[in-house]
Amino acid sequence: MSFLNNVITGISLGSIYAIIALGYTMVYGIAKMLNFAHGDVIMVGAYVCFFATGSFGLHPVAGVLLAMVVCTILGMVIEGLAYKPLRQAPSLAVLITAIGVSWFLQNSAQLLWGAAPKVFTPVVSGGLSIFGGQLNISYVTILTVASCLVIMAVLSAFIGKGKMGKAMRACSEDKGAAQLMGINVNSTISMTFAIGSALAAIAGVLMCSAYPTLMPTTGSLPGIKAFTAAVFGGIGSVPGAFVGGLLLGIIEIFAKAYISTDLSDAIVFLALIIVLLVKPSGLLGKYVPEKV
Amino acid sequence: MSKQYPKPKLVPVPSTNIIPERDVDKSPILECRHLGIDFGGLSAVSDFNMAIGRTEIAGLIGPNGAGKTTVFNLLTKVYQPTRGTIMLDGRDTHSMTTAQVNRAGIARTFQNIRLFSKLSVEDNVKIGLHNQAAYPMWSGILRLPSYWHKEKVAHEMALELLSIFDMQDLADHQAGSLPYGAQRRLEIVRALATAPSLLLLDEPAAGMNPSETAELMDNIVKIRDTFQIAIMLIEHDMNLVMGICEGICVLNFGKIIAKGTPAEIQANPAVIEAYLGKKKEA
Amino acid sequence: MTAMKQARRLRKATVNSFINYAIVIVAFIILQILLGQDMISNSIQSMLVPVCCYIVMAVSLNLTVGILGELSLGHAGFMSLGAFSGIIVSTALKDVVEAEPLRLLLAMLVGAVMGGIGGVIVGLPVLRLRGDYLAIVTLAFGEIIKNVIMVLYVGIDGDGLHMATKEANLTLAEDGIAIIKGPMGAVGVTKIASFTAGFILILVTLFVVQNLVDSRAGRAILSLRDNRIAAESCGINVTKYKLMAFVVSAVLAGAAGALYGLNYSSTVASKFDFNTSILVLVYVVLGGLGSIRGSIIAAAILTMLPEMSFMRSSSLKDYRMLLYAVILILVMLASNNPVLRNAFGSVSKKFKSSKKQEGGAAQ
Numbered sequence: 001m002s003f004l005n006n007v008i009t010g011i012s013l014g015s016i017y018a019i020i021a022l023g024y025t026m027v028y029g030i031a032k033m034l035n036f037a038h039g040d041v042i043m044v045g046a047y048v049c050f051f052a053t054g055s056f057g058l059h060p061v062a063g064v065l066l067a068m069v070v071c072t073i074l075g076m077v078i079e080g081l082a083y084k085p086l087r088q089a090p091s092l093a094v095l096i097t098a099i100g101v102s103w104f105l106q107n108s109a110q111l112l113w114g115a116a117p118k119v120f121t122p123v124v125s126g127g128l129s130i131f132g133g134q135l136n137i138s139y140v141t142i143l144t145v146a147s148c149l150v151i152m153a154v155l156s157a158f159i160g161k162g163k164m165g166k167a168m169r170a171c172s173e174d175k176g177a178a179q180l181m182g183i184n185v186n187s188t189i190s191m192t193f194a195i196g197s198a199l200a201a202i203a204g205v206l207m208c209s210a211y212p213t214l215m216p217t218t219g220s221l222p223g224i225k226a227f228t229a230a231v232f233g234g235i236g237s238v239p240g241a242f243v244g245g246l247l248l249g250i251i252e253i254f255a256k257a258y259i260s261t262d263l264s265d266a267i268v269f270l271a272l273i274i275v276l277l278v279k280p281s282g283l284l285g286k287y288v289p290e291k292v
Numbered sequence: 001m002s003k004q005y006p007k008p009k010l011v012p013v014p015s016t017n018i019i020p021e022r023d024v025d026k027s028p029i030l031e032c033r034h035l036g037i038d039f040g041g042l043s044a045v046s047d048f049n050m051a052i053g054r055t056e057i058a059g060l061i062g063p064n065g066a067g068k069t070t071v072f073n074l075l076t077k078v079y080q081p082t083r084g085t086i087m088l089d090g091r092d093t094h095s096m097t098t099a100q101v102n103r104a105g106i107a108r109t110f111q112n113i114r115l116f117s118k119l120s121v122e123d124n125v126k127i128g129l130h131n132q133a134a135y136p137m138w139s140g141i142l143r144l145p146s147y148w149h150k151e152k153v154a155h156e157m158a159l160e161l162l163s164i165f166d167m168q169d170l171a172d173h174q175a176g177s178l179p180y181g182a183q184r185r186l187e188i189v190r191a192l193a194t195a196p197s198l199l200l201l202d203e204p205a206a207g208m209n210p211s212e213t214a215e216l217m218d219n220i221v222k223i224r225d226t227f228q229i230a231i232m233l234i235e236h237d238m239n240l241v242m243g244i245c246e247g248i249c250v251l252n253f254g255k256i257i258a259k260g261t262p263a264e265i266q267a268n269p270a271v272i273e274a275y276l277g278k279k280k281e282a
Numbered sequence: 001m002t003a004m005k006q007a008r009r010l011r012k013a014t015v016n017s018f019i020n021y022a023i024v025i026v027a028f029i030i031l032q033i034l035l036g037q038d039m040i041s042n043s044i045q046s047m048l049v050p051v052c053c054y055i056v057m058a059v060s061l062n063l064t065v066g067i068l069g070e071l072s073l074g075h076a077g078f079m080s081l082g083a084f085s086g087i088i089v090s091t092a093l094k095d096v097v098e099a100e101p102l103r104l105l106l107a108m109l110v111g112a113v114m115g116g117i118g119g120v121i122v123g124l125p126v127l128r129l130r131g132d133y134l135a136i137v138t139l140a141f142g143e144i145i146k147n148v149i150m151v152l153y154v155g156i157d158g159d160g161l162h163m164a165t166k167e168a169n170l171t172l173a174e175d176g177i178a179i180i181k182g183p184m185g186a187v188g189v190t191k192i193a194s195f196t197a198g199f200i201l202i203l204v205t206l207f208v209v210q211n212l213v214d215s216r217a218g219r220a221i222l223s224l225r226d227n228r229i230a231a232e233s234c235g236i237n238v239t240k241y242k243l244m245a246f247v248v249s250a251v252l253a254g255a256a257g258a259l260y261g262l263n264y265s266s267t268v269a270s271k272f273d274f275n276t277s278i279l280v281l282v283y284v285v286l287g288g289l290g291s292i293r294g295s296i297i298a299a300a301i302l303t304m305l306p307e308m309s310f311m312r313s314s315s316l317k318d319y320r321m322l323l324y325a326v327i328l329i330l331v332m333l334a335s336n337n338p339v340l341r342n343a344f345g346s347v348s349k350k351f352k353s354s355k356k357q358e359g360g361a362a363q
């Protein structure tokens with residue numbers, strides 16, 4: 001039974017990684033940049049929900065919605081102020097700027113809300129107990145996995161079918177050509193950041209419901225891991241983020257349970273390196289040969 | 001344009017190829033047999049058979065998208081061929097990397113110029129001389145005598161090579177700041193610096209005016225005569241191709257549609273059709 | 001005439017290197033005089049060795065990022081390898097080699113070798129990857145090193161070195177001492193690092209990096225950055241020269257790590273995490289990619305700045321990191337946005353055109 005429990009915990013953690021990874025992968029696919037500040041948007045989302053439900057006594061659903069609104073606006077503001085002016089700049093410059101934004105968010109959070117960890121109240125409590133108490137599934141886990149599936153389905157439909165989704169795919173293929181076809185590249189990129197940040201808010205709330213310690217640095221390590229999940233699955237690919245996130249979560253929990261708690265991060269990163277060496281573009285990524 | 005370059009008689013060699021008569025007692029420098037590559041199921045080049053004599057100037061022509069640059073990329077192993085063999089000086093290049101192919105004797109220029117644009121003209125040539133004036137890394141760090149000696153050799157060789165195109169005075173300029181024509185010439189110099197036995201030129205005359213092209217034609221012949229190497233070029237300028245090439249190979253949709261001397265090619269109905277389209281039935 | 005030109009050109013590259021040596025030497029002499037006059041506050045004195053380490057880190061990372069053109073986000077991992085192997089060597093040789101400078105030298109050499117071995121292990125498989133993938137793998141590697149050292153227990157007794165992954169498994173004789181204690185890191189380290197050693201390490205780093213860049217191998221490395229495919233078609237072995245730059249960079253980082261580790265009585269592995277790698281990368285980028293001098297100056301100023309008295313005043317203290325973040329963003333925007341750059345254009349035009357001529361070569 002402990003094996004099954006581990007699988008479930010792994011899937012739950014993996015679902016959170018997958019939701020965060022979606023934000024990374026969409027932004028990378030379209031803006032071709034590593035948005036290192038994405039993990040800190042998660043943290044902001046969690047704080048907003050924490051204060052909305054805790055200090056202002058809002059209903060958890062309202063808290064999540066508020067967090068999504070705040071993060072969406074935050075994502076678009078960050079994009080507009082920090083990344084948009086660097087559209088033509090070398091990718092390293094954008095990366096460093098993203099790191100600056102990440103520091104900015106972490107330190108602002110520390111000034112506003114203090115460095116001391118806060119105990120996050122899960123948005124739902126309780127859980128299912130089956131097989132006579134041998135297998136416990138909390139409602140948070142169910143909610144997490146369900147949210148991840150719904151988000152995946154909606155996002156795939158949105159990108160695959162909708163007009164905006166078509167614009168996004170066009171931008172990720174060739175920004176210049178997309179612009180010539182009358183697509184507003186700037187607003188498409190802005191939209192991508194908005195969606196990614198809204199997802200980050202959801203991920204933040206779910207993550208802090210499962211692991212209820214909230215600090216200004218809460219988002220950074222999950223952010224890095226979700227990013228590796230995106231690379232793992234093939235960056236730029238939405239199903240890749242899903243597969244990568246799930247696998248990474250399961251690997252992490254299994255490493256913790258059966259190998260070593262202290263080395264679980266090392267094992268996760270080792271798995272990433274091995275995958276990249278065997279398949280340099282990630283599990284579901286497309287290999288794009290260089291044009292000569 | 002009216003200048004005449006002597007053309008040798010082309011004679012057949014084994015494996016249904018032709019090379020100039022003067023090279024016939026030596027084995028061809030390059031021999032491709034049934035060379036082909038697929039991109040995602042689509043055949044970009046197929047059944048490419050060709051031989052080039054030791055001192056031949058060969059032309060590779062064809063409409064846009066015919067697969068000419070792909071052939072160059074196959075020869076230099078930028079792409080690994082799906083089928084067929086490339087024999088360079090009697091050696092199969094199957095397991096070689098681009099760098100190894102260069103060391104084995106093929107140097108090239110690129111259609112869209114690929115200089116080290118942030119480095120100086122002289123450094124560009126010196127990078128071409130990388131395997132000509134070699135010394136180990138620690139010798140460079142510790143400034144051992146071999147560093148000073150080889151650097152001096154490289155410097156002198158670079159200036160000498162640049163003087164082919166009368167560019168020695170530009171040695172200190174940044175490569176990216178040179179005018180377009182000079183950049184093309186610098187790319188040829190850099191390729192020559194690697195001491196090739198076969199030089200591949202990808203549209204050397206692109207963007208040049210007629211007088212520049214005429215000068216380039218003289219220089220290509222001069223390079224061949226001085227270094228005694230084979231040259232294969234892709235070019236759309238028919239004056240250049242018909243003027244200096246001895247053997248010409250016409251490619252269309254990845255397949256060779258004609259091979260022969262300039263005169264033969266000019267009279268070949270398949271070539272005319274490929275370039276001008278099918279004549280309407282009257 | 002060409003001979004004269006050659007002499008002039010050579011002088012330019014050499015002059016640039018010598019200016020860098022001169023800057024470092026003059027700074028060292030001035031600091032020594034100030035130290036002699038007791039005019040430097042304790043907090044700054046304590047920063048002198050770390051500043052040297054960070055300068056070496058920045059210059060060596062510049063070799064990978066600025067000169068080779070590959071993004072590495074795990075440079076602190078090599079520093080970590082150097083730090084802990086340096087600490088082990090120094091502690092192990094405490095009774096054998098009495099002279100501290102010699103022991104420090106040995107520790108730094110071993111640190112450098114360990115850094116180099118790490119560089120080969122990471123570089124060999126990883127340098128096949130391109131661009132962002134390489135960045136993410138170096139990041140992963142840095143985290144792995146941190147993680148592994150955090151579960152490592154190393155001790156020494158009469159029988160020699162002992163290693164274990166659990167504290168209970170580390171059985172030492174009575175006279176034995178535990179050098180590295182898992183998450184607590186290395187404790188009870190004898191501090192033998194000195195400012196002079198740091199100064200010499202910077203000079204050695206400059207010597208290695210500048211001479212390397214201004215040689216055949218350096219040109220090959222630069223050519224890979226400018227145009228990999230053209231470099232390959234010039235017969236340059238991509239893997240060899242990528243690995244060369246990467247390993248030289250890791251060797252120097254290992255030496256810097258050893259010096260850094262021996263400057264404190266205790267060191268934890270989490271000191272060398274992703275954030276440290278990023279910090280060094282920020283020095284490199286702000287100093288200017290490919291510019292050795294820029295790396296030295298940026299690393300020195302940015303490491304020292306938090307220790308300056310005005311930055312330590314209570315009113316600024318809380319906002320210090322926030323200020324850093326804002327400055328970092330603004331500098332990146334100002335130096336990379338075409339509109340903003342044109343606004344500064346008239347002022348910096350002269351500066352920029354002179355920079356352009358120097359090209360990508362190290363200054």
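Residue numbers (the numbering used here), protein chains in the order written: chain A, 1 to 292; chain R, 1 to 282; chain X, 1 to 363.
From the three backbone atoms N, C-alpha and C, an ideal C-beta is built for every residue, glycine too.
task = To the nearest angstrom, report how far apart A:W113 and X:P125 are at their CA atoms.
result = Between A:W113 and X:P125, the C-alpha separation is close to 44 Å.
ask   = List, in order along the chain, the chain X residues whose C-beta lies closer than 9 Å to that of A:P280?
value = Listed by position along chain X, the residues whose Cβ is nearer than 9 Å to that of A:P280 are R128, L129, R130 and Y133.
message = Between A:L284 and chain X, is the shortest Cβ-Cβ distance under 7 Å, so that the two count as touching?
response = For A:L284, the answer is no, since every Cβ of chain X falls outside 7 Å of its Cβ.
Under 8 Å (Cβ pairs) to chain X, residues found in the stretch 80-91 of chain A = Here the close residues are A82, P85, L86, Q88, A89, P90 and S91.
message = Please identify the residue among A:L65, A:M168 and A:G10 whose C-alpha is closest to the C-alpha of A:A201.
response = Per the Cα distances, A:L65.
request  = May I have the straight-line CA-CA distance separating A:N5 from X:S295, to the nearest angstrom?
outcome  = A:N5 and X:S295: Cα-Cα distance of roughly 51 Å.
inquiry  = Strictly below 7 Å CB to CB, what residues from chain X border A:S108?
reply    = By Cβ distance, chain X contributes L322.
inquiry  = Against chain R, does X:S215 count as a neighbour if the rule is that its beta carbon must be under 7 Å from one of theirs?
reply    = Proximity of X:S215 to chain R, defined by a Cβ-Cβ separation below 7 Å, is satisfied.
query = By Cβ distance below 7 Å, which residues in the same chain neighbour R:N252 in space, the five residues on each side in sequence not counted?
reply = G62, P63, A66 and A274, listed in sequence order.
key: Those residues which DSSP pairs with R:M50 across a bridge   = Residue pairing by DSSP places R:M50 opposite R:C32 in a beta bridge.
key: Among R:Y147, R:Q132, R:K152 and R:W148, the one whose alpha carbon lies nearest that of R:A191   = Per the Cα distances, R:Q132.
key: Chain-ordered chain R contacts of X:M244 [CB-CB under 7 Å]   = Within chain R, the residues whose beta carbon sits less than 7 Å from that of X:M244 are M137, listed in sequence order.
ask   = CA-CA distance, X:L172 and X:G155?
value = Cα-Cα distance, rounded: 7 Å.
ask   = Just checking, does the stretch 38-49 of chain A make contact with the stretch 191-211 of chain A on the three C-beta pairs under 8 Å criterion?
value = Yes, the stretch 38-49 of chain A touches the stretch 191-211 of chain A.
task = Starting from the beta carbon of X:I229, find every residue of chain R whose beta carbon is closer than 7 Å, and list them in chain order.
result = Using a Cβ-Cβ cut-off of 7 Å, X:I229 is close to V78 and R114 of chain R, given in chain order.
message = By the DSSP assignment, the alpha helix (DSSP H) with X:V49 in it spans what residues?
response = From DSSP, the alpha helix (DSSP H) with X:V49 extends over L48 to N62.
task = Could you round the C-beta distance between X:V280 and X:L61 to whole angstroms and report it? I think they count as a contact, below 8 Å.
result = Their Cβ separation, rounded to whole angstroms, is 5 Å, which keeps X:V280 and X:L61 in contact under 8 Å.
message = Whole angstroms are fine: how far does the CA of R:S46 sit from the CA of X:I278?
response = Distance between the alpha carbons of X:I278 and R:S46: 49 Å.
query = Quick one: does X:L212 have its CB under 7 Å from some CB of chain R?
reply = Yes, its Cβ sits closer than 7 Å to a Cβ of chain R.
key: Candidates R:A182, R:H130, R:V11 and R:P179, of which the one nearest R:P196 by Cα   = Distance check between R:P196 and each of R:A182, R:H130, R:V11 and R:P179 places R:H130 closest, using alpha-carbon atoms only.
message = When you compare the stretch 54-63 of chain A with the stretch 115-129 of chain A, are there three or more beta-carbon pairs, one atom per stretch, that lie closer than 8 Å?
response = As far as the Cβ criterion goes, the stretch 54-63 of chain A touches the stretch 115-129 of chain A, which means the pair count is three or higher.
query = How do the stretch 166-186 of chain X and the stretch 140-157 of chain X stand: do at least 3 beta-carbon pairs fall below 8 Å, yes or no?
reply = The stretch 166-186 of chain X and the stretch 140-157 of chain X touch, with no fewer than 3 CB-CB distances between them shorter than 8 Å.
query = Using 7 Å as the limit for Cβ to Cβ distance, is X:I67 near chain R?
reply = Contact with chain R is absent for X:I67, since none of that chain's Cβ atoms lies less than 7 Å from the residue's Cβ.
message = The alpha helix (DSSP H) that contains X:Y133, what's its start and end?
response = Counting along the chain, the unbroken alpha helix (DSSP H) around X:Y133 starts and ends at D132 to M150.
X:K356 classed as buried or exposed, judged by whether at least 16 other C-beta atoms fall within 10 angstroms = Annotation note: pLDDT 41 at X:K356 (below 50); position unreliable, coordinate value reported separately. Around the beta carbon of X:K356, fewer than 16 other beta carbons lie within 10 angstroms, which makes this residue exposed.
task = For A:S260, return the contacting residues in chain X, with the cut-off set at a CB-CB distance below 9 Å.
result = Listed along chain X, the residues sitting closer than 9 Å to A:S260 by beta-carbon distance are V151 and T165.
Segments assigned alpha helix (DSSP H), at least 4 residues, entirely inside the stretch 161-191 of chain A = Listed in chain order, the complete alpha helix (DSSP H) runs (minimum 4 residues) inside the stretch 161-191 of chain A are 163-173 and 175-180.
ask   = If you scan the stretch 267-338 of chain X from start to end, which runs of the alpha helix (DSSP H) of 4 or more residues do you find wholly inside it?
value = List check, alpha helix (DSSP H) in window: 274-287, 292-304, 309-312, 314-317 and 320-336.
request  = For A:G133, count neighbouring C-beta atoms within 10 Å of its own C-beta (all shown protein chains included) and say buried if the count is 16 or more, exposed if not.
outcome  = When all chains shown are included, A:G133 counts as exposed.
ask   = Going by alpha carbons, who is nearest to X:F195 out of X:T14, X:A13 and X:I30?
value = Checking every option, the nearest Cα to that of X:F195 belongs to X:I30.
request  = Specify the secondary structure class of R:D25 as computed by DSSP and reduced to three states.
outcome  = Coil.
inquiry  = If the criterion is Cβ atoms closer than 7 Å, does the pair A:I99 and A:F193 meet it?
reply    = No, the Cβ-Cβ distance between A:I99 and A:F193 is not below 7 Å.
ask   = Does the beta carbon of X:I329 sit closer than 7 Å to a beta carbon anywhere in chain A?
value = Taking Cβ atoms only, chain A reaches closer than 7 Å to X:I329, which makes this a yes.
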